[in-house]
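Asker: Below you'll find the structure I mean.
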Amino acid sequence: MIEVEHLTKRYGLLAAIEDVSFQVRQGEILGFLGPNGAGKTTTMRILAGFFPATEGRAVVAGYDVFEHPLEAKSRVGYLPESPPLYTEMTVDSYLRFVATIKGVAGAETPDRMEIVKDRCGLAGQGERLIKHLSKGYRQRVGLAQALIHDPDVLILDEPTIGLDPRQIIEFRELIGSLRGEHTIILSTHILPEVSMTCDRVIIISRGRIVAVDSPRNLTSRMQGGEQIDLTVGGDGSRVNELLGGLPHVTRVAVEEAGNGLSSVLVEADGQAEVRHAVARQVIRGGLDLYELKVRSVSLEDVFVELTTEEETSEGTFREGEDPDREGEAAS
Amino acid sequence: MRNYFAIVCKELYGFFVSPIAYAVLGVFFAVSGYFFFGITTSLIERVQQMGFQSQQFGSAPPPVDVFSAIMSSFFSVISTIFLLLMPLITMGVFAEEKKRGTVELLFTSPLTHLQLILGKFTAVMVFLLVMLVPTILNLCLLYFYSDPLPPLSPVLNGFLGAFLLGGSLLSLGIFASSLTESQIVAGILSFGFFIILWVVDWMAGTGSTLANEVLRYLSIMNHYEDFTRGVLDTSHVFFYLSLIFIGLFLTSVSLNSPKWRS
Ligand SMILES: Nc1ncnc2c1ncn2[C@@H]1O[C@H](COP(=O)(O)OP(=O)(O)O)[C@@H](O)[C@H]1O
Ligand SMILES: [Mg+2]
């Protein structure tokens, strides 16, 4: 549904994105994850046809966005970082205007308006002036605007930024409810957001893709083995001798946890399941097993790891890049 | 075509709710009405004085075409007010879209630049008509009190001139607005353009060198005078239409530049 090949965008000397390639399948929700200034907005603007890339190719819904911009644009719904609202209009008149310029037929417009208003929780708000709406509702109008022409592809740039926690949850559910109907690209710098909503994640840092995978695979890939946390009762000093000899176990670390309990960290090489063997061994050794839990590396860890790895291996700043600009990009 | 009309309607709606638009209309009506009244009464006084003087000397009063005199002063005043007010109408046309981020909507919609620019230009031209049409009331008054009825052609020419001049200023103003995201800067730029085009012939020397001729030709007010005198000269019409075209063309160049969309 979306094919991006070797996309590069330069502002003068600074490359906002460099050699970005990826694909999105029909119906997939793709998360675009990266810190501020990573190049998320730049990539999305290119896909939405806002500006051309310096190099590379982008095909959206079967049309090259540079060669057939009108065809591509009529199949894309785009919600920019700040929703593009005419605040002096009412919700209805705004949606009607957007429907017209997106090419929705006149006869279908009222139906489409009702559908997207229902969808986005704006039922009954049609007569209200946009300037009187709260931030959360404005964001909904922004989403309604992006959905009005029932686009094949939906591009959402940091859709939950600036919302309060309750609104964020509602908005995520809203996006989740669109699963399957549209192909969605969603950018964010908030990690839990991608693990909650996305089928696949692209991690981008300093204009380059550093990882592409499902949220689950990314996590386990980073672990490079398994870590198990245990809490045992009894003579903690015996834990090492009991568990150290188990096959696949690479390391055992014991710590006093008070109340006659010890907390134990067992590291395994990840080649085979060791949890049952560990549990059996503890019980057999006459100790009490209070807790056994696989430690999961959070996406957060993956993210930090991937983006800092990049930094240390590539030197500090690329040529022509001004570190101060990063803060500006966020605003 | 639908896109074009959608833009026109959206822009007009914007004027309809904009305090700037109402302020411009209010000031224009007040000032043009005031000058119309002043011009008319002072001219009538002068004519009466001339009548008395010639009676004292026993000669026939010289024939004065009061109506034409009023028309030409009135349309000159209008042109000056235009220079001051037109930047206020156009300054937001593109600058505001950019500031609010609504360009992201416009540029990612299946709209052509032609539809966008012509739509916006049409809307400001409609606004210009809304400004001009009520001044017909002033002229109706003149017709009501004139005997015999004055000819219609000076009025029509005057309005055509005002419309063309206004259109040129609006077109250049739209270009200025496409250069920046600040309304104020756009307004100042338009003032700059207008003033330069207004006084460009002052720089012309007395000789008839090519440069001087060009400078004189470029002066927007030189082309306007004939209209106020009730003369229709197609070369002036051509001048203003070219200016409108140039303004809109430059706008499209400006929208196409990659600098614009960042
Ligand atoms: N108009 C611009 N001129 C120069 N540099 C820009 C411009 N817009 C963005 N950048 C730079 O491009 C990089 C990517 O920005 P952006 O795509 O907005 O990142 P993100 O959306 O991930 O925060 C940043 O380093 C930013 O400073
Ligand atoms: Mg961004």
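Residue numbers (this note's numbering), protein chains in the order written: chain G, 3 to 333; chain U, 99 to 360.
Quick reminder that beta carbons are idealized off the backbone N, C-alpha and C, glycines included.
1. With a threshold of 8 Å on Cβ separation, who are the neighbours of residue 242/G within its own chain once the five nearest residues in sequence on each side are excluded?
2. Is it a yes or a no for the segment 208–221 of chain U touching the segment 294–310 of chain U, going by three-plus beta-carbon pairs under 8 Å?
3. Which residues of the segment 186–215 of chain U have a Cβ closer than 8 Å to any Cβ of chain G? Give them in chain order.
4. Using a C-beta cutoff of 8 Å, does residue 6/G count as contacting chain B?
5. To the nearest angstrom, how far is it from the Cα of residue 168/G to the Cα of residue 176/G?
6. Taking only runs of the beta strand (DSSP E) that begin and end inside the segment 253–299 of chain G, which ones reach a length of at least 3 residues, in chain order?
7. If contact is defined by three or more beta carbon pairs under 8 Å, each pair taking one atom from either stretch, is the segment 67–77 of chain G in contact with the segment 230–241 of chain G?
8. Let me see if you follow: with CB-CB separation under 8 Å, is residue 115/U close to chain G or not?
9. With DSSP run on the structure shown, which of helix, strand or coil describes residue 162/G?
10. Could you check which residue in 252/G, 270/G, 211/G has the C-alpha nearest to that of residue 19/G?
11. Taking all protein chains shown into account, do 16 or more other C-beta atoms lie within 10 angstroms of the C-beta of residue 200/G, making it buried, or fewer, making it exposed?
12. Determine the direct distance from the alpha carbon of residue 81/G to that of residue 165/G, and round the result to whole angstroms.
13. Which term fits residue 132/U, buried or exposed, when burial requires 16 or more other beta carbons within 10 angstroms of its beta carbon?
14. Below 8 Å on the Cβ atoms is my contact criterion, and I expect residue 86/G with residue 199/U to pass it. Report the Cβ-Cβ distance as a whole number of Å.
15. At what residue ranges does the segment 79–124 of chain G contain a whole run of the alpha helix (DSSP H), taking only runs of 4 or more?
16. Pull up the DSSP beta-bridge partners for residue 233/G, would you.
17. Assuming residue 58/G and residue 7/G are in contact, meaning their beta carbons sit under 8 Å apart, how far apart are those beta carbons, in whole angstroms?
18. Just checking my contact of residue 252/U with residue 328/U at CB under 8 Å: how many whole Å lie between their CB atoms?
19. Measuring CB to CB, does residue 251/G end up less than 8 Å from residue 270/G?
20. List the whole-angstrom C-beta distance separating residue 32/G from residue 26/G, where the pair is believed to meet the contact cut-off of C-beta under 8 Å.
21. Quick one: grab the DSSP three-state call for residue 359/G.
22. Rank 163/U, 208/U, 130/U by C-alpha distance to the C-alpha of residue 79/G and give the top, closest one.
23. How should residue 280/G be labelled, buried or exposed, when 16 other C-beta atoms within 10 angstroms of its C-beta is the threshold for buried?
24. Can you pull the chain G neighbours of residue 218/U, defined as C-beta to C-beta under 7 Å?
25. Nearest to residue 412/G by alpha carbon, out of 198/G, 152/G, 202/G, 162/G?
26. If you reduce the DSSP assignment to three classes, tell me which class residue 279/U lands in.
27. One question on the structure: do residue 172/U and residue 134/U come within less than 8 Å of each other, judged by their Cβ atoms?
28. Of all the residues that make up the segment 91–105 of chain G, which are near chain U by a beta-carbon distance shorter than 8 Å?
29. Considering just the uninterrupted stretch of the alpha helix (DSSP H) at residue 152/G, what are its terminal residues?
30. Using C-beta distances below 6 Å, list every residue in its chain close to residue 284/U, excluding the 5 sequence neighbours before and after it, in chain order.
31. Would residue 46/G and residue 189/G qualify as a contact pair, given that the criterion is a beta-carbon distance under 8 Å?
32. How far does the alpha helix (DSSP H) with residue 190/U in it reach, from first residue to last?
33. Just mark residue 226/U as buried or exposed, buried being the case when its beta carbon has 16 or more other beta carbons within 10 Å.
34. What number of angstroms, rounded off, separates the C-alpha of residue 50/U from the C-alpha of residue 165/U?
35. Of all Cβ atoms in chain U, is any one closer than 8 Å to the Cβ of residue 84/G?
36. Taking buried to mean at least 16 other C-beta atoms within 10 Å of its own C-beta, is residue 143/U buried or exposed?
Answerer: On the basis of the data shown:
1. 254, 256
2. no
3. 198, 199, 200, 201, 202, 203, 204, 205, 206, 207, 208, 209, 210
4. Chain labels in this structure do not include chain B; the protein chains are G and U.
5. 12 Å
6. 263–270, 290–297
7. no
8. yes
9. coil
10. 211/G
11. buried
12. 15 Å
13. exposed
14. 5 Å
15. 93–103, 111–121
16. 265/G, 293/G
17. 6 Å
18. 3 Å
19. yes
20. 5 Å
21. Since the first residue of chain G shown is 3 and the last is 333, residue 359/G is not available in this structure.
22. 208/U
23. buried
24. What residue 218/U touches in chain G: nothing, since even the nearest Cβ is about 13 Å away.
25. Here chain G covers residues 3 to 333 and nothing more, so residue 412/G does not appear.
26. coil
27. yes
28. 91, 95, 99, 100, 102, 103, 104, 105
29. Neither: residue 152/G is in no alpha helix (DSSP H) and is coded neither H nor E.
30. 189, 193, 274, 275, 278
31. yes
32. 190–198
33. buried
34. The structure shown does not extend to residue 50/U, since chain U spans only 99 to 360, so no value can be given for it.
35. yes
36. exposed
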